[in-house]
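So the sequences go chain by chain: A and B. Each residue of the first sequence is one higher than the one before, starting from 1 at the first, in the UniProt record's numbering. Each residue of the second sequence is one higher than the one before, starting from 1 at the first, in the UniProt record's numbering. No residue lacks a Cβ here, since even glycine has one placed at the ideal position from N, Cα and C. In this text the structure is predicted, and so the values were computed from the model without any measurement. Structure record follows, encoded as structure tokens.
Protein chains: 2
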Amino acid sequence: PSSPQASSEGLYFCDGLRKVDYVLVFHHRRHGSLRCTGTASVSQDQLSIVSNGNFPEEAASVGEVFMELGMARGSEPMEAADHEMHLIRQEFEANLLEAGLEVERDRETKTHGPSFTRIHAPWPVLCREAEFLKIKVPTKQSYELREESGFGSSMSSVWRKLNQPFEPKVPHQDHGSTKFLSHCFSRDKLHMYNITSKDTFFDNATRGRIVYEILRRTVCVRTCQTIGISTLIAKGVYDAAFPLHDGDFKVTGHLEERNDRQVLFEEWARYSAFYKYQPIDLVRKYFGEKIGLYFAWLGVYTQLLIPASIVGIIVFGYGVATVDTNIPSLEMCDERLNFTMCPLCDGACDYWHLSTACGTARASHLFDNPATVFFAIFMSLWAVLFLEHWKRRQISLSFSWDLTGIEEDEAKPSRNSDEHPRPKYETILLEKRQRKQGYSTCHFVSSMSPYSFQTVAEKLTWKDRLPGYFMNISSILFMFGLTFSAVFGVIIYRITISALMAMSPDPETKSNVRVTVTATAVIINLVVILILDEIYGTVALWLTELAEIPKTETNFEERLILKAFLLKFMNAYAPIFYVAFFKGRFAGRPGSYVYVFNDYRMEECAPGGCLIELCVQLSIIMLGKQLIQNNIFEIGIPKLKKLIRTLKEKEPTQKEKDEERPPRQWNLDYALVPFEGLTPEYMEMIIQFGFVSLFVASFPLAPLFALLNNVIEIRLDARKFVTELRRPVAARAKDIGIWYNILSGMGKLSVIINAFVIAFTSDFIPRLVYQYMYSQTGTMHGFIDHTLSFFNVSNFKPGTAPHSDKFPQLFVFLRYKDYREPPWSSDAYQFSKQYWSVLSARLAFVILFQNLVMFLSLMVAWVIPDVPKTIVEQLKREKKLLVDLFLQEEKEKFQL
Amino acid sequence: PSSPQASSEGLYFCDGLRKVDYVLVFHHRRHGSLRCTGTASVSQDQLSIVSNGNFPEEAASVGEVFMELGMARGSEPMEAADHEMHLIRQEFEANLLEAGLEVERDRETKTHGPSFTRIHAPWPVLCREAEFLKIKVPTKQSYELREESGFGSSMSSVWRKLNQPFEPKVPHQDHGSTKFLSHCFSRDKLHMYNITSKDTFFDNATRGRIVYEILRRTVCVRTCQTIGISTLIAKGVYDAAFPLHDGDFKVTGHLEERNDRQVLFEEWARYSAFYKYQPIDLVRKYFGEKIGLYFAWLGVYTQLLIPASIVGIIVFGYGVATVDTNIPSLEMCDERLNFTMCPLCDGACDYWHLSTACGTARASHLFDNPATVFFAIFMSLWAVLFLEHWKRRQISLSFSWDLTGIEEDEAKPSRNSDEHPRPKYETILLEKRQRKQGYSTCHFVSSMSPYSFQTVAEKLTWKDRLPGYFMNISSILFMFGLTFSAVFGVIIYRITISALMAMSPDPETKSNVRVTVTATAVIINLVVILILDEIYGTVALWLTELAEIPKTETNFEERLILKAFLLKFMNAYAPIFYVAFFKGRFAGRPGSYVYVFNDYRMEECAPGGCLIELCVQLSIIMLGKQLIQNNIFEIGIPKLKKLIRTLKEKEPTQKEKDEERPPRQWNLDYALVPFEGLTPEYMEMIIQFGFVSLFVASFPLAPLFALLNNVIEIRLDARKFVTELRRPVAARAKDIGIWYNILSGMGKLSVIINAFVIAFTSDFIPRLVYQYMYSQTGTMHGFIDHTLSFFNVSNFKPGTAPHSDKFPQLFVFLRYKDYREPPWSSDAYQFSKQYWSVLSARLAFVILFQNLVMFLSLMVAWVIPDVPKTIVEQLKREKKLLVDLFLQEEKEKFQL
């Protein structure tokens, strides 16, 4: 493995034998660039190779503590802070050596630019930590996976053949039908494992994780009481710490010699591979389980969007096919029926014929037809199925990734860091202690064991946190207010603009009122959402960091996610909620309209029903958000940032150096963007999941658009991880954590929201009620007449009757869409019996739909076992094999 | 530990040193009682002590395989089947010896009565198995539990003092504020554990479990291909297998010398201890985790019933207090209002004044008042709180019982037996194989490893199972039909009897119609429920055993529970459901009543509303079921059974023997009833939980009665376990399994049912609607008038008008309770606008209530962390200590 090329690429120590598992970087600042030209010509042998094994052969020997650190530092005056940093680094690295790691550093002669400390974990350290971390490794014991026989087998081979073009071309690790039994690594049982080479037994991701684990728990007690690399980075002692990528991602040599990064780049992170399955096992091997799970989840979600899209298209197709035979929309378009309607605004607007709204009636049938109800039920079940399917996939993955049987606590990487508070929390705590006790932090020398000093230190009590909580709650309330006032502002915009346009004398303007106003309002909504989305993301981070001060990383992440989700969810859905449930419900009735600001009538829905408006709102916001956020924010802004960074850093001298000598892997990786967690990726998808599930009853094409977006999204994210980010530490994870809860919560919410959309926003229920309770013929004929109430022209409030008189004043009664008693009834304009019966039917539908779907969901979740049958069987077999092995060993012991 | 008394009690082998950990029993049958007098005088030294260690000192030596088994068997002719059994026993016990166990048997000279094989597990076997089973044991490493300081500490000491009289007097194992770190037992780390005596390091329950584990997996390959003791018992090779109790439960000696069974009997299994906490840790130590969890669960449930009862009493008290100021019931009792009502039956019944129904109106107010709505919400949240509280308690227990960190699979005892199909399944499988291959079972000698032969044997396919499934489904449907027809039968009974009684000329009979009919009908219902309950229990068992043939014990248990639950639930609640939601809704209206069998009018609810009937139904069924099932079935029948058994077995010779020599512990234990699982205990409580939660809106006193019942139930069950049952094998369990799901399902169901009860059965919504929509004054005055519709006397169908004419025929209009248009309206007798508005309000209430309570429940479940904070902290500390220990060991190794 030690080709000279690999060494020059910078994957190994300069001896070309010891792998670089981790890199620590710090940056020389402030001290001018006096000696830059001197360092520019530094050649390979000028690096001070400081390791505790002098010769490659003895690289594994542990215990020789290196004390030459910081040789060159005396040569120039340092500032006090810098000097302290230097001392901390010195102690930290000495402690690393003591922990058995091997370290190689550039000579500290450079006074400008990054300085790298490279870390290598020798075999004994790897063994010790692997045992400690209970890492499962394959044993020599293998067993045959049971092959299906007969019909099943031929089916599966046909399936395999059909799938062939979709499979990524990845070198297989498993040998088809045999699987190696895995067992937790233990130094006592080395004979059990399949160790071909001590250098490659643990893969690079595992090595990085092991080193990170040591870095995380290594303490600096002498110079400054602190623990772990993350605190040191927060304090500015180091600038960055990351494991190295496996080399360049561009394939240069022969196909067979590709490294994992190249394989990933070729087979996964390209748009041209969009139709292929993801090489999830390789992703996991390279990036660790946590990121592997994200992509697996994204893959499952995208895959399951395919059937949803197909059904959505069929449902939409049904709408298109039946639009010409649908009686209500035919009746609306029928000019012979000649319903004269109340004017749409006071004074300026004229009476109008219902048949002029024929277009929207036809359009609304596309989305508002019985198939939509079926589709809403289907999508609710689809959401449940998706979650169940994911659970199974997750368990399959954790089985094939050897995570089964690992304790809950150990599998969660976050739990591991529980022991250790966040740097920010520590700082606040120290400040508090100082305030109390009056002496400085770094002199607080304790004789306690490094592992117990946190437990003794006092906690932040609720008194310390109270101001933070207040700030938190008030900020969130303020931002809720912001969202609502944005929505309200757009409503005001719509009301005023339509009133103004209606008053305009230009007939062209008048006829386009609705289209213009709706379109511009939705676009304003979209822009507001996009802007607030970015603001809220920042504010949530800032609030969690500064006001809440959670103790641990887990806490921090969970609170941040919840807060950001709440804000972004409100932001994305508030205008849609308004259109779905509130628009047009507070408009009053002819003769007693509701006015805002004394002058403007509250807006009503289009004559075709509110559903079509909801559909327009939903589709524009969803598509706009996806297109703009994907293209501009995810592709554009990182590129821009990189450009700025390179422009800034590219000073002439550096440039020359780059040209002189090919940059090492650590230089290349340092230039990449640091990995900052999967939260934004998940968040984007969860909000999208909301569009697909929450209001799907009004827009059956949502799954299709989501599918199209995700096919691109997968490759976009993959590309980012492979080419643009520093390699993240491989983190173990058994599940996707809080996101699952959020998903399942949204699934539950979607049931009730869809029930209300169908019952109240669509015309489905009134139609049913008409057909089965009021229709004389049992058909829909006469439905439109039934939904329109009568209004006596003489009941207009003074000044609100239309001015113009294109219509002859023959008629006394106008019509409007509502169920109210006619003017000649004893309680004129009160809600009629029809109103109450339709309301009852709507409410009964909500109850029925909600409970039916909930029951079906429970049934589906109950019928589908969480653990796939094959996995159960394999687990049983593995257990049996382990029992056999155990009993055999017992016997052997007994015979000795 | 080897006092001569203990030995004579039969807790030890006859050497007085080796504990009897398990007893296998087989029964000589059929061979007359020829030599009974000979065995009657058998003395202690005549027992053939057959063990693999000859002297007590060498008792621990393993490996000397005993080959003298069955010495005396040649002395008399045996039947072929008996001989085969004998051979199987011989092989099985030889295999036990090979596994390292030590065995002592009575000489097989007896030809009648039980023969005992006693098993002792020596230290090396215990160690091996404890390591294998990953049993956690305390290490020497202990740590201080953090004491609360200041106010908290004084509060908790006050609390402790207050609790003093409720604490059972149990010798404490833990020493107050220190806790020993536990770790999985490992033979490599013996120095870590606190081993004072190898005889007592593992307690009796653990020893029993270990031996059971060996018995379970020991195979008989030579004589008959089978595995495990349960199959052998099923085949009749052995009669019983059980671990021994810790001695007699009656305290004889000094208080300090009580054994665990005596302590449990004194402090737990007595009615006089009803006010005390349960000594759960001791219960767990003695009976194992599974039974400990049952009693802990029962305790938590009972404890939480206390607040529910108190609130229930207050709610009931509110009803009592406001009955004299409640306007609707005052109006109903007001004779001045003089509503003349439609007759309650055709012809025979007369018109009547509403004020005569004053009594039921007042009674119904006790249960139908606004406080009930509050109570329904409260109880729904109570159910959630109960489940959350139990989750926390469960986790606390599994922490203090050292079950944390044990794999899910290993903690479930049922999972362990997964490897091994049930005897019944095996038999069916063998029959199938025979049918196919044509050779007999026992000659099917395989060379396979004993642990793999099940996997190779074919499974029962769906073809084999199809008839079973059919039978299953049809039986269940049949039994559903049975339940429904029983309910329907009672309805018919009620209709006919009231019609007949109404026709009776005796005025005394007439006036008591309703009371008599209701009371007798409910009692019939109760009797039917009790009878069907027993039948269904048996049928469910029989169906699962014979028709479904589940493969494993887990499967068997789950399916049995589900089936039994479904049937018993239906059975217990069908009549209540009928009264709550169907009674009186299909009665029609005056002038067009609904008739069954052409003659009888469908029944209506009492004038006071259906809720009072629901309340009567619920309370009688609940109380009757509890009293009868508890007293007769749980106390009476076992006593009766025991009486019959002892009468049967007490033949004169046996009696003499008993008088001669005090019976050994194994004799005593064999005479007890075998333990048959916790399913009936849980089932009873779950059905009770249904009474407490499902219809609680109609009967706020249900929690109180449940509480009273449970206080007795705990002690009753405890007594049964301590004195009447053979000791069960201590089974590990982390949770209560499927019961939790059933409980949470019932909690969810209760929300929707209570919503419907309040909305549709009670008069809550109509009153609200009247007060806020129709009342002129904003008060309830006039409510009764509003709920009564008008009926024109001339609209009576011919022959249905009352014959008698006590009432003057002055009036034309009668009243009846419904919202219908008056006779003078254009659509007379159709549902009125009021009907639809009340219906809308009812439905809206259901939606609101259901979603509000569901949301609150989710919030409660989310706010209360599943793992208590103290446990989280302790777990963290333990983990840290383990890390420290590990690192220290590493260092020591390194220094060596």
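### Message
Given this structure, state the Cα-to-Cα distance separating ILE549 (chain A) from GLY228 (chain A), to the nearest angstrom.
### Response
One C-alpha to the other measures close to 19 Å.
### Message
Quick check on MET773 (chain A): does DSSP put it in helix, strand or coil?
### Response
When DSSP states are grouped into helix, strand and coil, MET773 (chain A) belongs to the helix group.
#### Entry: Reference LEU190 (chain B); option with closest CA among B:LEU126, B:ASP533, B:LEU11 and B:PHE484
Cα-wise, what sits closest to LEU190 (chain B) is B:LEU126.
### Task
Compare the C-beta of ILE535 (chain B) against all C-beta atoms of chain A and say whether one is closer than 8 Å.
No, ILE535 (chain B) does not count as interfacial toward chain A.
### Query
Using Cβ-Cβ distances below 7 Å, what residues of the region 848-870 of chain A are close to chain B?
The residues in question are ASN851.
### Query
Name the DSSP bridge partner or partners of ASN792 (chain A)?
Per DSSP, A:PHE813.
#### Entry: Interface residues of the region 129-161 of chain B facing chain A [CB-CB below 7 Å]
For the region 129-161 of chain B, the set of positions with a beta-carbon nearer than 7 Å to some beta-carbon of chain A reads PHE132 in chain order.
### Task
Spell out a yes or no on whether the region 305-317 of chain B and the region 359-375 of chain B are touching, meaning 3 or more CB-CB pairs, one atom from each, closer than 8 Å.
As far as the Cβ criterion goes, the region 305-317 of chain B touches the region 359-375 of chain B, which means the pair count is three or higher.
### Message
Does any residue of chain A have a CB that is nearer than 8 Å to the CB of SER840 (chain B)?
### Response
For SER840 (chain B), the closest Cβ of chain A is nearer than 8 Å.
### Query
What's the C-alpha gap between ARG89 (chain B) and LEU97 (chain B)?
C-alpha separation (whole angstroms): 12 Å.
### Message
Which residue marks the beginning of the beta strand (DSSP E) containing VAL103 (chain A), and which one marks its end?
### Response
In the DSSP annotation of this structure, the continuous segment of the beta strand (DSSP E) that includes VAL103 (chain A) starts and ends at 102-105.
### Query
What is the DSSP secondary structure of ARG589 (chain B), counted as helix, strand or coil?
Of the three classes helix, strand and coil, the one that applies to ARG589 (chain B) here is strand, per DSSP.
#### Entry: Beta carbon proximity, GLU890 (chain B) to chain A, threshold 8 Å
At a cut-off of 8 Å between beta carbons, GLU890 (chain B) contacts chain A.
### Query
Do VAL517 (chain A) and SER498 (chain A) have their CB atoms nearer than 8 Å?
For the pair VAL517 (chain A) and SER498 (chain A), the CB atoms are nearer than the 8 Å cut-off.
### Task
Identify the contact partners of LYS833 (chain B) in chain A, using a Cβ-Cβ distance below 7 Å as the criterion.
Correct list: LYS833 and TRP836.
### Message
Looking at chain A, is there any beta carbon in it that lies within less than 8 Å of the beta carbon of ILE306 (chain B)?
### Response
Taking Cβ atoms only, chain A never reaches closer than 8 Å to ILE306 (chain B), which makes this a no.
### Query
In terms of DSSP beta bridges, what is LYS568 (chain A) paired with?
In the DSSP output, where bridge partners are listed per residue, LYS568 (chain A) has none listed.
### Message
Alpha carbons only, please: which of B:LYS748, B:SER396 and B:LEU330 is nearest the one belonging to VAL872 (chain B)?
### Response
Ranking the options by Cα distance to VAL872 (chain B), first place goes to B:SER396.
### Between the CA atoms of TYR275 (chain B) and TRP268 (chain B) - distance to the nearest angstrom
One alpha carbon belongs to TRP268 (chain B), the other to TYR275 (chain B), and they sit about 10 Å apart.
### Query
Are at least three pairs of beta-carbons, each pair with one atom in the region 277-290 of chain B and one in the region 698-706 of chain B, less than 8 Å apart?
No, the region 277-290 of chain B does not touch the region 698-706 of chain B.
### Top-ranked residue by Cα proximity to GLY799 (chain A), from A:SER775, A:ASP866, A:GLY747 and A:GLY591
The shortest C-alpha separation from GLY799 (chain A) is found at A:GLY591.
### Backbone CA spacing between GLY70 (chain B) and ASP82 (chain B) [nearest angstrom]
With a pLDDT of 40 at GLY70 (chain B), under the threshold of 50, the predicted position of this residue should be treated as unreliable, though the coordinate-derived value follows. Straight-line spacing of the CA atoms in GLY70 (chain B) and ASP82 (chain B) works out to 13 Å.
### Message
Quick check: ASP669 (chain B) and PHE242 (chain B), are their CB atoms within less than 8 Å of each other?
### Response
Contact check for ASP669 (chain B) against PHE242 (chain B) passes: the beta carbons are separated by less than 8 Å.
### ILE752 (chain B) at chain A interface by Cβ criterion, 8 Å
It does: the Cβ of ILE752 (chain B) has a partner Cβ on chain A nearer than 8 Å.
### Task
Report yes or no: do three or more beta-carbon pairs, one from the region 846-862 of chain B and one from the region 744-753 of chain B, lie closer than 8 Å?
The region 846-862 of chain B makes contact with the region 744-753 of chain B: 3 or more CB pairs, one atom from each, lie closer than 8 Å.
### Task
List the endpoints of the continuous alpha helix (DSSP H) containing PHE386 (chain A).
370-400 is the span of the alpha helix (DSSP H), which, as asked, contains PHE386 (chain A).
### Query
Where are the alpha helix (DSSP H) runs, 4 residues long or more, that stay fully inside the region 250-338 of chain B, in chain order?
With a minimum length of 4 residues, the continuous alpha helix (DSSP H) runs that stay inside the region 250-338 of chain B are 260-267, 280-287, 289-322 and 327-333.
### Query
Cα-Cα, which of A:SER794, A:LYS625 and A:VAL673 is closest to ILE644 (chain A)?
Of the candidates A:SER794, A:LYS625 and A:VAL673, the one whose C-alpha sits nearest the C-alpha of ILE644 (chain A) is A:VAL673.
### Message
With a threshold of 8 Å between beta-carbons, can VAL769 (chain B) be considered close to chain A, or not?
### Response
At a cut-off of 8 Å between C-beta atoms, VAL769 (chain B) does not count as an interface residue with respect to chain A.
### Task
Tell me, please, which residues DSSP counts as bridged to ARG118 (chain B).
According to DSSP, ARG118 (chain B) bridges with B:VAL23 and B:GLU104.
#### Entry: Proximity to ASP735 (chain B) [Cα-Cα], best of B:ARG209, B:TYR595, B:ILE291 and B:TYR770
Out of B:ARG209, B:TYR595, B:ILE291 and B:TYR770, B:ILE291 has the C-alpha closest to the C-alpha of ASP735 (chain B).
### Task
Could you tell me whether the region 11-26 of chain B touches the region 200-214 of chain B, where touching means 3 or more Cβ pairs closer than 8 Å?
Of all C-beta pairs linking the region 11-26 of chain B to the region 200-214 of chain B, three or more are shorter than 8 Å, placing the two stretches in contact.
### Query
DSSP state of PRO467 (chain A), grouped into three classes?
Reduced to three states, the DSSP call for PRO467 (chain A) is helix.
### Query
In chain A, which residues lie less than 7 Å from LEU843 (chain B) when you measure between Cβ atoms?
Chain A residues near LEU843 (chain B): SER840, LEU843, ALA844 and ILE847.
### Query
For TRP862 (chain A), does the count of other Cβ atoms within 10 angstroms reach 16, so buried, or fall short, so exposed?
The residue is exposed, with fewer than 16 neighbouring Cβ atoms inside 10 Å.
### Message
Counting only beta-carbon separations shorter than 8 Å, does PHE886 (chain A) have a partner in chain B?
### Response
Cβ-Cβ to chain B under 8 Å: yes for PHE886 (chain A).
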